[in-house]
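One structure below.
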Amino acid sequence: MEKAKVYFTDLHTNLNTNLLQKLEKLITAAGMGSINFQDRYAAIKIHFGEPGNLAYLRPNYAKVLVDFIKARGGKAFLTDCNTLYVGGRKNALDHMDAAYANGFNPFVTGCHVIIGDGLKGTDEVLVPVEGGQYVKEAKIGRAIMDADIFITLNHFKGHEATGFGGALKNIGMGCGSRAGKMEMHSSGKPFVHTPLCVGCATCTKVCAHSAITVTNKKASIDHSKCVGCGRCIGVCPTDAVCSPSDESNDILNCKIAEYSRAVLDGRPNFHISLIVDVSPFCDCHGENDFPIIPDVGMLASFDPVALDMACVDLCNQQPILPGSRLAKMHPAPGADHFCANHPDTNWRSCLDHAEALGIGTKEYQLITV
Numbered sequence: 002m003e004k005a006k007v008y009f010t011d012l013h014t015n016l017n018t019n020l021l022q023k024l025e026k027l028i029t030a031a032g033m034g035s036i037n038f039q040d041r042y043a044a045i046k047i048h049f050g051e052p053g054n055l056a057y058l059r060p061n062y063a064k065v066l067v068d069f070i071k072a073r074g075g076k077a078f079l080t081d082c083n084t085l086y087v088g089g090r091k092n093a094l095d096h097m098d099a100a101y102a103n104g105f106n107p108f109v110t111g112c113h114v115i116i117g118d119g120l121k122g123t124d125e126v127l128v129p130v131e132g133g134q135y136v137k138e139a140k141i142g143r144a145i146m147d148a149d150i151f152i153t154l155n156h157f158k159g160h161e162a163t164g165f166g167g168a169l170k171n172i173g174m175g176c177g178s179r180a181g182k183m184e185m186h187s188s189g190k191p192f193v194h195t196p197l198c199v200g201c202a203t204c205t206k207v208c209a210h211s212a213i214t215v216t217n218k219k220a221s222i223d224h225s226k227c228v229g230c231g232r233c234i235g236v237c238p239t240d241a242v243c244s245p246s247d248e249s250n251d252i253l254n255c256k257i258a259e260y261s262r263a264v265l266d267g268r269p270n271f272h273i274s275l276i277v278d279v280s281p282f283c284d285c286h287g288e289n290d291f292p293i294i295p296d297v298g299m300l301a302s303f304d305p306v307a308l309d310m311a312c313v314d315l316c317n318q319q320p321i322l323p324g325s326r327l328a329k330m331h332p333a334p335g336a337d338h339f340c341a342n343h344p345d346t347n348w349r350s351c352l353d354h355a356e357a358l359g360i361g362t363k364e365y366q367l368i369t370v
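Here is the structure:
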């Protein structure tokens with residue numbers, strides 16, 4: 002396979018050029034303008050940041066993409082899907098509150114926020130995964146699949162389960178509905194944490210397989226009938242229905258790659274990653290720790306696999322910041338930063354599987370803008 006082109010610009014500015022202008026120059030050089038946006042809906046997939054976390058990307062970056070798309074006749078919107086875990090983004094109303102509080106509102110970005118999988122995280126489309134080894138039909142947020150064009154704006158950082166979070170993580174995990182996220186995280190089926198259950202029976206109404214019963218005001222799930230769709234997780238008002246989250250990290254990464262294949266197939270897509278504020282954990286945390294390496298720059302490509310690979314390589318060329326979590330792990334000289342940061346993870350499994358699925362290639366040519 003021919004090497005993919007990945008475009009890079011550093012974070013140096015001068016009196017005539019700021020970072021937002023450099024981002025526009027980057028995406029222009031990388032060819033984003035070759036996409037026909039005229040009268041087409043363009044989803045910009047981004048992480049809005051869990052309330053309390055300050056490492057997420059500033060909304061000003063999103064506005065550059067929105068303005069770029071609108072200038073070419075496109076209809077842009079920012080999107081993400083609801084979280085599986087209990088937090089500030091588990092339903093569309095809380096999620097939009099979090100997005101607006103963090104600056105992702107029309108007055109700043111120039112476009113609206115649409116939560117991809119609806120009010121309770123159950124508005125999904127079953128999308129076939131060609132060549133899927135672990136997933137045959139991915140559960141993707143409906144609004145994301147309704148878009149004609151798919152763009153990602155990624156904050157590159159560490160992650161406790163996947164090693165790092167970049168383009169593929171933003172696509173695969175980020176676009177999965179709540180049930181889709183459960184499928185990626187779990188090899189089993191949901192269960193009821195009975196102390197939280199109030200016996201409202203809402204879960205029984207959405208179960209198409211009569212797997213849930215309520216006895217003495219407590220729900221229980223018959224796993225011999227349950228198919229693991231996860232809709233009960235989405236509708237539970239007290240978060241009593243839980244995912245087992247028992248999938249191995251390697252298989253989790255492979256499932257993320259397969260979900261990414263489902264999202265990207267059949268439509269134009271383009272990807273931008275910013276290596277700034279490289280926190281040791283995901284932006285889903287309600288806090289962010291000291292960065293593990295210095296800021297590096299901004300990258301863009303039509304190939305998300307090559308983009309992630311280039312980001313890893315550039316990060317591994319950086320010194321470890323003293324006092325950071327990574328420094329306290331005392332990695333061996335030359336060790337991979339992300340594997341050292343979370344020793345139980347293996348980010349290569351995601352990129353290798355994505356390459357095997359034909360999403361892209363790990364071989365790239367880095368072009369400085």
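Quick note, this note's numbering runs 1 ahead of the 1-based positions in the sequence shown. Cβ coordinates follow ideal geometry from the N, Cα and C atoms, glycine included.
Rounded to the nearest angstrom, how far is the Cβ of residue i from that of residue j, given a contact under 8 Å?
{"i": "Val67", "j": "Lys256", "result": "Not quite, the Cβ-Cβ distance comes to about 31 Å (not below 8 Å), so this is no contact."}
{"i": "Gly173", "j": "Ser261", "result": "4 Å"}
{"i": "Asp147", "j": "Tyr42", "result": "7 Å"}
{"i": "Ser178", "j": "Ser244", "result": "That pair is no contact at about 13 Å."}
{"i": "Gly88", "j": "Cys340", "result": "Not confirmed; about 27 Å, so no contact."}
{"i": "Arg158", "j": "Ser280", "result": "Contrary to the premise, residue 158 reads as Lys rather than Arg in this sequence. With 8 Å as the limit, Lys158 and Ser280 qualify as a contact, their Cβ atoms being about 5 Å apart."}
{"i": "Phe282", "j": "His96", "result": "Actually they do not touch by this definition, with Cβ atoms about 20 Å apart."}
{"i": "Val128", "j": "Ala258", "result": "Incorrect: roughly 14 Å between the Cβ atoms, too far for contact."}
{"i": "Asp296", "j": "Leu12", "result": "6 Å"}
Could you name the residues that DSSP lists as bridge partners for residue i?
{"i": "Asn270", "result": "Phe151"}
{"i": "Met299", "result": "Thr10, Leu275"}
{"i": "Thr214", "result": "Ser221"}
{"i": "Lys46", "result": "Thr80, Thr153"}
{"i": "Asn342", "result": "Asn342 is not bridged to any residue."}
{"i": "Gly164", "result": "His160"}
{"i": "Ala241", "result": "DSSP lists no partner for Ala241."}
{"i": "Ala5", "result": "Tyr365"}
{"i": "Phe192", "result": "Cys243"}
{"i": "Asn15", "result": "Thr18"}
Apart from the five residues just before and just after residue i, which ones in its own chain have a Cβ nearer than 6 Å to its Cβ?
{"i": "Lys4", "result": "Glu364, Tyr365, Gln366"}
{"i": "Cys227", "result": "Lys190, Ala212"}
{"i": "Thr239", "result": "Leu197, Val199"}
{"i": "Pro60", "result": "Gly104, Phe105, Val109, Thr110"}
{"i": "Glu248", "result": "His186, Ser187, Ser188"}
{"i": "Ala220", "result": "Val193, Cys198, Cys204, Ile213"}
{"i": "Gly50", "result": "Tyr57, Asn103, Asp284"}
{"i": "Gly132", "result": "Leu358"}
{"i": "Ile372", "result": "Because the chain spans 2 through 370 in this model, residue 372 falls outside it and cannot be assessed."}
{"i": "Asn347", "result": "Asp251"}
Just curious, the beta strand (DSSP E) that residue i is in, first and last residue?
{"i": "Ile141", "result": "138-142"}
{"i": "Phe69", "result": "Run containing Phe69: none in the beta strand (DSSP E); it sits in the alpha helix (DSSP H), 60-72."}
{"i": "Glu125", "result": "125-129"}
In the DSSP assignment, find the unbroken alpha helix (DSSP H) run with residue i in it and report its ends.
{"i": "Leu253", "result": "250-265"}
{"i": "Glu356", "result": "349-357"}
{"i": "Gln366", "result": "Unbroken run through Gln366 is the beta strand (DSSP E), 365-369; no alpha helix (DSSP H)."}
{"i": "Gly235", "result": "232-236"}
{"i": "Gly175", "result": "168-176"}
{"i": "Lys182", "result": "179-186"}
{"i": "Ile115", "result": "Per DSSP, Ile115 belongs to no alpha helix (DSSP H); it is in the beta strand (DSSP E), 113-116."}
{"i": "Val29", "result": "The sequence given here places Thr at residue 29; Val does not occur at that position. Taken as a continuous stretch (DSSP letters only), the alpha helix (DSSP H) holding Thr29 covers 20-30."}
{"i": "Asn317", "result": "305-317"}
{"i": "Thr203", "result": "203-207"}
{"i": "Tyr86", "result": "Counting along the chain, Tyr86 falls outside any alpha helix (DSSP H), and DSSP gives it neither H nor E."}
{"i": "Met33", "result": "No alpha helix (DSSP H) holds Met33; DSSP gives it neither H nor E."}
{"i": "Asp40", "result": "Looking at the DSSP string, Asp40 is not in any alpha helix (DSSP H), and its letter there is neither H nor E."}
{"i": "Arg90", "result": "Looking at the DSSP string, Arg90 is not in any alpha helix (DSSP H), and its letter there is neither H nor E."}
{"i": "Cys109", "result": "Per the sequence shown, residue 109 should be read as Val rather than Cys. Residues 107-110."}
{"i": "Lys329", "result": "326-329"}
Between which residues of its own chain and residue i is the CB-CB distance below 7 Å, once the five residues before and five after are set aside?
{"i": "Pro107", "result": "His113"}
{"i": "Asp345", "result": "Asn250"}
{"i": "Ser181", "result": "Strictly speaking, residue 181 in this sequence is Gly, with Ser absent from that position. Result list for Gly181: Glu125, Ala139, Lys140, Ile141, Tyr260, in chain order."}
{"i": "Ile115", "result": "Phe78, Thr80, Ala144"}
{"i": "Thr84", "result": "Arg90, Lys91, Cys285"}
{"i": "Asp40", "result": "Gly74"}
{"i": "Asn54", "result": "Asp284, His286, Gly287, Glu288, Asn289"}
{"i": "Ala93", "result": "Asn83, Ile116, Gly119, Leu120"}
{"i": "Val242", "result": "Pro191, Val193, Cys204, Cys233, Ile234"}
{"i": "His210", "result": "Lys226, Cys227, Val228"}
{"i": "Gly361", "result": "Ala5, Asp304, Pro305, Val306, Ala307, Ala355"}
{"i": "Cys237", "result": "Thr203, Cys204"}
{"i": "Ala31", "result": "Tyr8, Ala301, Ser302"}
Within the 8 Å Cβ cut-off, does residue i reach chain C?
{"i": "Thr239", "result": "Protein chain content of the structure displayed is limited to a single chain, and chain C is not contained in it."}
How about residue i: is its Cβ closer than 7 Å to a heavy atom in the ligand MG?
{"i": "Asn289", "result": "Looking for the ligand MG in the displayed structure turns up nothing, as the structure carries no ligands at all."}
Does the pairing of the stretch 258-272 with the stretch 297-304 give three or more beta-carbon distances under 8 Å? yes
Evaluate the contact criterion for the stretch 20-27 versus the stretch 312-332: three or more CB pairs, one atom per stretch, below 8 Å. no
For the stretch 200-207 against the stretch 153-170, do three or more pairs of beta-carbon atoms, one drawn from each stretch, fall closer than 8 Å, so that the two count as touching? no
contact_flag[the stretch 152-166, the stretch 45-56] where n(CB pairs < 8 Å) is 3 or more: yes
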